[in-house]
Amino acid sequence: MPTERISFTGHAGHDLAARLDLPEGPVLATALFAHCFTCSKDIPAARRIAARLAAMGIAVLRFDFTGLGHSGGEFANTSFTSNVADLIAAARYLASRNMAPDMLIGHSLGGAAVLRARAGIPSVKSVVTLGAPFDPGHVAHHFEDALEAINRDGQAEVSLGGRPFVIGKEFVDDIRQTELGEAVADLKAALLVMHAPRDATVGIDNAAEIFQAARHPKSFVTLDDADHLITDPCDAEYAADMIATWATRYVDMKPPAPPPGAPEGVIRVTEADPEGFLQDVQNGPYHHVLADEPEAYGGTNRGLSPYGFVAAGLGACTSMTLRMYARRKGWPLDGISVEVCHDKVHAQDAIPSGPAKIDQFIRVIHLQGDLDQEQRAKLLEIADKCPVHRTLEQSSRVETRLEDAPKLPDMSQEGQDMDAAAI
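For what it's worth, my numbering labels the leading residue of the sequence shown as 3, then goes sequentially.
Have a look at this one:
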């Protein structure tokens with residue numbers, strides 16, 4: 003997944019650090035992600051959700067709010083309103099690149115911010131909240147002991163997740179005075195509320211209030227036993243899958259038609275289980291399957307084997323080719339079933355030993371319908387002309403190259419983000 007490190011000008015003129023996660027192929031939609039209170043763009047939940055959406059064709063911009071992460075400015079001088087202004091500035095940056103955001107995604111206090119920011123970003127068609135509070139003032143419970151000093155002195159240093167932050171009176175007054183009910187009711191965009199019933203930081207009742215205040219179209223999806231920061235990779239993957247699927251109803255994600263003769267799009271295969279062989283297979287925003295090996299060969303048997311995919315491709319292509327021919331001829335072919343077997347043993351092929359072997363695919367075709375013998379014989383002949391059959395019979399060349407390893411994020415900072423008592 004290509005990622006651009008960029009910066010843009012925030013609400014107060016400071017440079018805000020951002021990452022733009024892009025699909026390998028065409029950009030089908032653009033999302034703007036707002037992180038949680040005192041977190042950063044590199045918090046694991048943001049990285050994982052952005053990566054998953056990018057694999058589905060959705061570009062995602064995630065950035066550090068003013069005074070946080072690698073962005074300029076002083077956090078003490080920011081407020082909830084300034085976060086909203088930063089989101090609008092981010093949307094303007096995307097628009098300048100002809101990538102005006104179709105979707106806003108906000109985690110925790112970032113979720114409250116995207117609900118308020120929607121009015122200032124007319125291109126947005128859908129809004130997603132993850133563990134968001136209905137009342138932004140809820141965040142004050144994290145530094146309740148310092149409120150007296152903040153009101154008296156105008157600001158005070160507090161410790162959040164083991165890190166020092168200076169909280170100003172303007173921030174406290176702003177979150178106390180902010181009400182989201184009117185903004186949610188006048189959202190003028192489809193809304194997806196995602197929340198974990200056991201969220202110990204922002205209670206599930208917040209999701210209920212957001213949902214009740216919103217007009218249709220609106221949807222609610224539970225995050226089950228996920229924690230507030232969505233630290234489990236499986237929870238982040240699930241959230242991203244649901245967001246991408248839901249968004250297709252409200253965002254035009256139809257990919258551009260390829261030019262005649264162009265090859266099919268990129269198939270991305272990502273290791274999902276380093277302890278076994280489970281692989282995540284993604285083709286654009288709509289097609290997602292799993293590949294694995296049987297338990298007897300060290301896998302978990304949660305998906306087709308690699309040879310199983312090859313056999314499935316041969317069977318599917320055979321059936322499609324026969325249907326296309328019979329349809330053109332107007333023949334009474336009512337149904338097709340193709341069984342394919344491959345005679346090699348799964349993982350043992352990776353061990354180079356002995357003489358070269360020949361792959362043998364045994365294909366059995368079942369045809370239903372009132373076909374005469376001549377028609378059946380012709381269809382058997384046509385089966386050998388399917389493109390995948392020809393590819394397997396002919397010699398093919400596989401060209402392989404190794405990409406440079408991506409630079410890993412600052413793990414110490416990431417660890418601090420994960421431990422932050424944030425909303």
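We treat Cβ as the ideally placed atom computed from N, Cα and C, and that holds for glycine. Computed from a predicted structure; not experimentally measured.
Item                                                                                                                                                               : Value
Under a three-way DSSP split, which group does P166 fall into?                                                                                                     : strand
Could you tell me which residues DSSP puts in a beta bridge with T323?                                                                                             : DSSP lists no partner for T323.
Here's the rule: buried if 16 or more other CB atoms are within 10 angstroms of the residue's CB, otherwise exposed. What is V174?                                 : buried
Any chance the region 152-161 sits against the region 225-236, with 3 or more Cβ pairs inside 8 Å?                                                                 : no
For a quick check, are the C-beta atoms of H344 and V366 less than 8 Å apart?                                                                                      : no
Report the residue from D282, G59, A47 and I51 whose alpha carbon sits nearest the alpha carbon of L304.                                                           : Strictly speaking, residue 304 in this sequence is Arg, with Leu absent from that position. The shortest C-alpha separation from R304 is found at D282.
How is the alpha helix (DSSP H) around N85 delimited, first residue to last?                                                                                       : F82 to S98
Can you give me the Cβ contacts of E239 inside the same chain, cut-off strictly under 7 Å, excluding the 5 residues immediately before and after it?               : R50 and R54
Can you find the residues in the same chain that come closer than 8 Å, C-beta to C-beta, to A187, ignoring five residues on each side of it along the sequence?    : A215, A216 and R217
Could you give the first and the last residue of the continuous alpha helix (DSSP H) run that contains F173?                                                       : K171 to Q179
Whose CA, out of A192, V390 and W333, lies closest to the CA of G315?                                                                                              : V390
If you draw a straight line from the alpha carbon of S125 to that of L193, how long is it in whole angstroms?                                                      : 15 Å
With distances taken between CB atoms, is the gap from G133 to H72 smaller than 8 Å?                                                                               : no
Go ahead and label D374 buried or exposed: buried means 16 or more other beta carbons lie within 10 angstroms of its beta carbon, across all protein chains shown. : exposed
Relative to the C-alpha of S221, which residue among G12, G108, L63 and V130 is closest?                                                                           : V130
Run through DSSP, which three-state label would F363 get?                                                                                                          : strand
Less than 8 Å between the beta carbons of A14 and T68, yes or no?                                                                                                  : yes
Provide the residue(s) that pair with H289 in DSSP beta bridges, ordered along the chain.                                                                          : N285
Got a sec? Which residues, its chain only, sit under 7 Å from A241 by beta carbon, not counting five neighbours each side?                                         : I51, L132, M196, L225 and I232
Does the region 93-108 touch the region 76-85, meaning 3 or more C-beta pairs lie closer than 8 Å?                                                                 : no
Using a threshold of 8 Å, state whether the C-beta atoms of P4 and L24 are closer than that.                                                                       : yes
Within 10 angstroms of its Cβ, does S42 collect 16 or more other Cβ (buried), or is it exposed?                                                                    : buried
Among D176, D229, R64 and W248, whose alpha-carbon lies nearest the alpha-carbon of V223?                                                                          : W248
Run through the DSSP bridge pairs and tell me what A61 is partnered with.                                                                                          : T32
To which residues of the same chain is S9 closer than 7 Å at the C-beta, ignoring the five residues directly before and after it?                                  : D17, L18, A19 and A20
Counting along the chain, where does the beta strand (DSSP E) carrying T224 start and finish?                                                                      : K220 to T224
Tell me whether V168 counts as near the ligand NAP, meaning its Cβ is closer than 7 Å to at least one heavy atom of that ligand.                                   : Among the components of this structure there are no ligands whatsoever, and the ligand NAP is therefore not found.
Return the CA-CA distance between V340 and N208, expressed in angstroms with no decimal places.                                                                    : 52 Å
Please report the residue range of the alpha helix (DSSP H) in which A209 lies.                                                                                    : I206 to A215
When burial is assigned at 16 or more other CB atoms within 10 Å of the CB, is A202 buried or exposed?                                                             : exposed
With a cut-off of 8 Å on the beta carbons, I'd call A328 and L381 a contact; round off their distance for me.                                                      : 7 Å
Give the secondary structure of C41 by DSSP, where H, G and I count as helix, E and B as strand, and everything else as coil.                                      : coil
According to DSSP, is C236 part of a helix, a strand, or is it coil?                                                                                               : helix
Along the beta strand (DSSP E) that carries G300, what are the first and last residues, could you check?                                                           : Looking at the DSSP string, G300 is not in any beta strand (DSSP E), and its letter there is neither H nor E.
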